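Novice:
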Amino acid sequence: MSTYYLNYLEELESEAIFILREVWAQFQNPVILFSGGKDSILVTHLAKKAFHPAKIPFALMHVDTGHNFPEAIQFRDDIVEKLGVNLIVGSVQKSIDTGRVAEEKGKNATRNALQITTLLDTIEEHKIDCAIGGGRRDEEKARAKERFFSHRDEFGQWDPKNQRPELWNLLNGKYFEGEHFRAFPISNWTEMDVWNYLTKENIEIPSLYLAHEREVVKRNGSWIPNSDYLVLEPKEEIVTKKIRFRTLGDITITGGIESDADTMEKIVEEVSTMRETERGNRSDDKRSETAMEDRKKDGYF
Amino acid sequence: MKIDKNQLLRFTTAGSVDDGKSTLIGRLLYDSKSIFEDQLAAVENSSKQKGIEGVDLAMFTDGLKDEREQGITIDVAYRYFTTPKRKFIIADTPGHIQYTRNMVTGASTANAAVVLIDARHGVIEQTKRHTFIASLLNIPHIIVCINKMDLVDYSEDTFNTIVEQFEEFSSKLLIKDVRYIPISALDGDNVVNRSQNMSWFQGSPMLHELETLHISSDINKIDARFPVQTVLRPQRKGFEDYRGYAGRIASGIYRVGDEIAVLPSGFTSKIKSINVGEKEVEEAFAPMSAAMTLEDDIDISRGDMIVKVNNQPELSQEFDVMLCWLNNSPVKPRAKYTIMHTSNEQKAVIKDIVYKMDVNTFKRNEADKDLKMNDIARVKLKTSHRLMLDSYRDNRNTGSIILIDESTKETVAAGMIV
């Protein structure tokens, strides 16, 4: 006999597909923000399901800081080719070269905040009216307040205290010219849900998420990967460790964790016993208590 | 972990810090191991800076800078936790009267409402307001937690008196399923674990109730309603003639071969195929996202609804709704609004305000015709075209509407069809 209810992963999937279709129906020129990280891979996979048998009707947009994991870029190019979708790249290097932004100075300089300008410039240049992101409410306290359809004013700013109420399944994507929206179809997923679903659906992810040997440096309690952009501090020492990454950001700021989880099943097991949030190893969030809220108000992902 | 059968339960908590709401949520999150060490460290750090001894559990539920500084919840915050039995989403909303709109928002998709009562004070105005909103929004299950039992010596008499008070006022409301639990959120009595201090209580602890509430029937599986979101035309090899109607099933069950009618046109046909993602299936039910093809070529677009021939909603341009005003600028008489109902969008005017509801006393006021932020009123709406209507009591998905002010593009009101 059939049962007439969904389990929670099926319900989350159904909700995300509903939101992706709603984006397509309500906006003129939506894109998926694609970083090569697991959340944007998941969103892209769900978009494939939402529009089957038609092709994904969104371009993928990547904000390229120039400080990438090479594996993530390769993964991006492969997926674009496989799905036959357009790729839009916003380049932070170009923003620096054209004087739109200046490189941060000091010891913990990153290009993380510079992405905001590049992101907003690219949105404007390509007349994008909705950028679909893989943000989740469980990630961070400011993100817990996000709507499925999140309004941005003509300066790309988020006004968290003046958000449109979102009731039932009725999403209001109306905007004035020059404004745009961010849409978050996997708002209600937790890190655990994402891993369970990726495993269940057998979805390919960059090898960086699986435990592997890599040269790293201990900094602020996390293992920062060695790269061309790493400037060693006195007393810092490069060592080789078996690590994996829980999130993927810039190679300069994304810390890995020591791990033996080299299969999806082992990751699921490891995540279920994890006692720190996945963003705990992101130095961009550690700058201050409201680092994420402040960046989001300016237009960050 | 076995997740094949585990369901998702959404519940709302309304209340203020004084009720121990934040402590209760903190307790649920902590005892279900959903608080991470770096979050705990951050909160300990902030508590220390603010000169609070120990951990201020309220901080786990506050997100924005202003909320943390002022120690209040401004907006709906969503929290997540999972037990071996279910996944839970908490819509945590502020309890003061000026935040009625946030309570309504959080309640709109909830399976259950947790109403908190301070055992020392019993039923107060706020309790009535929360319960009224839960009943207005037709939340299927209500769990009344009588908190701070430790401060009334775990007295069974106190508990029984409050249950009586609650029964008395709530008999005027439409509530289907209500349970009462004496708890102490601070010490954890009857939250996750059974209390050692209240052996007189025969019921289950709160988490056990949440894990076992029967929620499969919360969605209407009788009246089949499929609002079309968008039309899929692949234009690719092998699918040249494919024309799929995509949407999320609002209620009911659809099977291949079912005789259907397309509204508002009224044309009939049969379901040829159903897809859920890439999989072709024989049947699909609410709340699945699906795509259907039909035997006949009919003109169907976004906003239309596919229903069963023998079970159809009412088609009407004039109807009554219970409206909650959500915006700072009050209702404008004779103004045109955009109405969203399922995937359908039309123009609407408020023809009349029948009465305003006092959410504290449940009294109707027929003289006051002013609708301001947080007001709830019964109004008459007229739309530019016919809508496919069900009453909200029968169907939360096809019985709900929002109004949008085109001059600001903001969502200004939420309504439940009477």
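Just so you know, the protein sequences line up as chains Y and G, in that order. My numbering applies: residue -13 is where the first sequence begins, and numbers increase by one. My numbering applies: residue 9 is where the second sequence begins, and numbers increase by one. The beta carbon of each residue, even a glycine, is placed where N, CA and C say it ideally should be. Since we're looking at a predicted model, the values are computed, not measured.
Considering only C-alpha positions, which residue in the set Y/Y215, Y/G207 and Y/I42 is nearest to Y/G241?
Specialist: If we check each option's Cα against that of Y/G241, Y/G207 comes out closest.
Novice: Could you compute how far the alpha carbon of Y/Y(-6) sits from the alpha carbon of G/I105?
Specialist: C-alpha separation (whole angstroms): 33 Å.
Novice: For the stretch 251 to 274 of chain G, which residues have a beta carbon sitting closer than 7 Å to at least one beta carbon of chain Y?
Specialist: Residues A254, R256 and I261.
Novice: Would you call the CB atoms of Y/K160 and G/K278 closer than 8 Å?
Specialist: No; because the gap between Cβ atoms is not below 8 Å, this pair is not in contact.
Novice: With a CB to CB cut of under 8 Å and the five nearest residues on each side skipped, what residues in its chain are close to G/Y86?
Specialist: Correct list, in chain order: I97, I98, A99 and D100.
Novice: Report the option in G/N352, G/D376 and G/M365 whose CA atom is closest to the CA atom of G/G407.
Specialist: Checking every option, the nearest Cα to that of G/G407 belongs to G/N352.
Novice: Near Y/E89, what residues of its chain come up, given a Cβ to Cβ distance below 8 Å and the 5 sequence neighbours on each side ignored?
Specialist: For Y/E89, where only same-chain residues beyond five positions count, the Cβ hits under 8 Å are I82, A95, R97 and L100.
Novice: Against chain G, with Cβ distances strictly below 8 Å, would Y/H198 count as a contact?
Specialist: Not one chain G Cβ lies under 8 Å of Y/H198.
Novice: Using only the alpha-carbon positions, how far apart do Y/K252 and Y/R281 sit?
Specialist: Approximately 34 Å, taken between the alpha carbons.
Novice: Just the C-alpha distance for G/Q354 and Y/H48, rounded to the nearest angstrom, thanks.
Specialist: Their backbone Cα atoms lie some 36 Å apart in a straight line.
Novice: Which term fits G/I132, buried or exposed, when burial requires 16 or more other beta carbons within 10 angstroms of its beta carbon?
Specialist: The residue is exposed, with fewer than 16 neighbouring Cβ atoms inside 10 Å.
Novice: Under 8 Å, Cβ to Cβ, is there at least one residue of chain Y near G/P102?
Specialist: Judged by the 8 Å Cβ criterion, G/P102 is not in contact with chain Y.
Novice: Roughly how many angstroms lie between the CA atoms of G/S467 and G/F234, to the nearest whole one?
Specialist: Because chain G here runs from 9 to 426, residue 467 of chain G falls outside it and cannot be looked at.
Novice: I'd like the list of long-range same chain contacts for Y/I243, defined as Cβ closer than 8 Å, with 5 residues on each side in sequence excluded.
Specialist: Taken in chain order, the residues that qualify are S208, W209, I229, R230, F231, R232 and N267.
Novice: Only counting the same chain, and skipping five residues up and downstream in sequence, which positions put a Cβ closer than 8 Å to that of G/T220?
Specialist: Around G/T220: K93 and S212.
Novice: Suppose only complete runs of 3+ residues qualify. What are the beta strand (DSSP E) ranges in the stretch 114 to 158 of chain Y, listed by chain order?
Specialist: If we require 3 residues or more, the beta strand (DSSP E) runs fully inside the stretch 114 to 158 of chain Y come out as 116 to 118 and 135 to 138.
Novice: Is Y/D124 close to chain G, meaning its C-beta is less than 8 Å from at least one C-beta of that chain?
Specialist: Chain G, which has a Cβ nearer than 8 Å to the Cβ of Y/D124, makes this yes.
Novice: Quick one: which chain Y residues come within Cβ less than 9 Å of G/L334?
Specialist: Result: R150, P151 and L153.
Novice: Should G/Q134 be labelled buried (16 or more other beta-carbon atoms within 10 Å of its own) or exposed?
Specialist: Its Cβ being crowded by 16 or more others within 10 Å, G/Q134 is buried.
Novice: Taking 8 Å as the cut-off, decide whether the C-beta atoms of Y/V202 and Y/P211 are in contact.
Specialist: Yes, the pair counts as a contact, with Cβ atoms nearer than the cut-off.
Novice: Here's a check: name, in chain order, each residue in its chain whose Cβ is nearer than 8 Å to the Cβ of Y/K186, leaving out the five neighbours to either side.
Specialist: L(-5), listed in sequence order.
Novice: For Y/F44, which residues of its own chain have a beta-carbon under 6 Å away from its beta-carbon, when the five flanking residues on both sides are left out?
Specialist: Excluding positions up to five away in sequence, the list reads P16, V17 and I18.
Novice: Please report the residue range of the alpha helix (DSSP H) in which G/A115 lies.
Specialist: Where G/A115 is concerned, the enclosing alpha helix (DSSP H) stretches over T108 to A115.
Novice: Starting from G/G423, trace the beta strand (DSSP E) in both directions and tell me its first and last residue.
Specialist: Its beta strand (DSSP E) spans residues E418 to I425.
Novice: Taking Cβ-Cβ distances shorter than 7 Å, what residues in chain G pair up with Y/T233?
Specialist: Near Y/T233 there are no residues of chain G at all, since even the closest Cβ is about 13 Å away, more than 7 Å.
Novice: Applying a beta-carbon distance threshold of less than 8 Å, which residues of chain Y neighbour G/R244?
Specialist: Ordered by position in chain Y, the residues that pass the 8 Å Cβ test against G/R244 are P39, A40 and K41.
Novice: Buried or exposed for G/V512, please, with buried defined as at least 16 other CB atoms from any protein chain shown within 10 angstroms of its CB.
Specialist: Given that chain G is displayed from residue 9 to residue 426, the structure contains no residue 512 of chain G and the question cannot be resolved.
Novice: Using a C-beta cutoff of 8 Å, does Y/N(-7) count as contacting chain G?
Specialist: At least one chain G Cβ lies under 8 Å of Y/N(-7).
Novice: Would you mind telling me which residues of chain G sit closer than 9 Å to Y/T176, beta carbon to beta carbon, in chain order?
Specialist: Within 9 Å Cβ-Cβ: S42, Y88, F89, T90 and K95.
Novice: Closest to G/N110 by C-alpha separation, out of G/T21, G/K56, G/T166 and G/M157, would be which residue?
Specialist: The shortest Cα separation from G/N110 among G/T21, G/K56, G/T166 and G/M157 belongs to G/T21.
Novice: Shorter than 7 Å, the distance from the beta carbon of G/H216 to the closest heavy atom of the ligand NAD, or not?
Specialist: Annotation note on the ligand NAD: not contained in the displayed structure, which lists no ligands.
Novice: Based on the DSSP output, what are the partners of Y/H166 in its beta bridges?
Specialist: Partner(s): Y/R138.
Novice: From G/S225 to Y/D107, what distance separates their C-alpha atoms?
Specialist: Using only the alpha carbons, I get a separation of about 48 Å.
Novice: Can the beta-carbon of Y/E126 be found less than 8 Å from the beta-carbon of Y/M260?
Specialist: Contact: no.
Novice: Output, in chain order, the set of chain Y residues within a Cβ distance shorter than 8 Å of G/Q15.
Specialist: Chain Y residues near G/Q15: Y(-9), L(-8), N(-7), Y(-6) and E(-3).
Novice: Run through chain G and tell me which residues come within less than 7 Å of Y/E8, C-beta to C-beta.
Specialist: Residues of chain G passing the Cβ test: Q237.
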